[in-house]
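One structure below.
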Amino acid sequence: GFDALLADIDAVFIRNPLPYLLCFPLADVLVSSDHLHNSTTDGGLELPTSAHATMNVGMLYVRARPQATALLREWDRRCSSNLNFWEQAIFNELAKDNR
709 GFDALLADID AVFIRNPLPY LLCFPLADVL VSSDHLHNST TDGGLELPTS AHATMNVGML
769 YVRARPQATA LLREWDRRCS SNLNFWEQAI FNELAKDNR
């Protein structure tokens, strides 16, 4: 499979994000948040347990790995079975369950 970077149609890149994303080779999934201020001092990632905002699937990098694929398949299954529910809320629920 292939790693994938998904971005909302209204997202703008002012530089290539891949060098930053590749700094975290152990992460299966990297996702933006609605937290508008940097909460780290080292340029690293927020710890899932200390993140104070919702994960925002408007910017999502997924590696072609079994755990990431399983997460995406379950996300698709839940979204497809409940078309009236917000896909971002479903992703947040799944991600928090799979820390």
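For the sequence shown, our numbering gives the first residue as 709, with consecutive numbering after it. Glycine included, every Cβ here is placed at the ideal spot set by N, Cα and C. None of these values were measured; they are calculated from a predicted model.
Checklist entry - Is it right to say Phe-799 is buried, meaning 16 or more other beta carbons lie within 10 angstroms of its own, or is it exposed? => result buried
Next on the checklist: So the candidates are Asn-764, Ala-797, Ile-717 and Asp-718; which of them puts its Cα closest to the Cα of Leu-738?
Outcome noted: Asn-764
Checklist entry - Quick one: is Val-770 buried, meaning 16 or more other Cβ sit within 10 Å of its Cβ, or exposed? => result buried
Checklist entry - Leu-730: buried (16+ other C-beta within 10 angstroms of its C-beta) or exposed? => result exposed
Checklist entry - What residue ranges within the segment 712-746 form continuous beta strand (DSSP E) runs of no fewer than 3 residues, ordered along the chain? => result 712-715 and 737-741
Checklist entry - Beta-carbon separation of Trp-783 and Leu-802 under 8 Å? => result yes
Checklist entry - Helix or strand or just coil, what does DSSP make of Leu-753? => result coil
Checklist entry - In whole angstroms, what is the alpha-carbon distance linking Leu-780 and Ala-712? => result 12 Å
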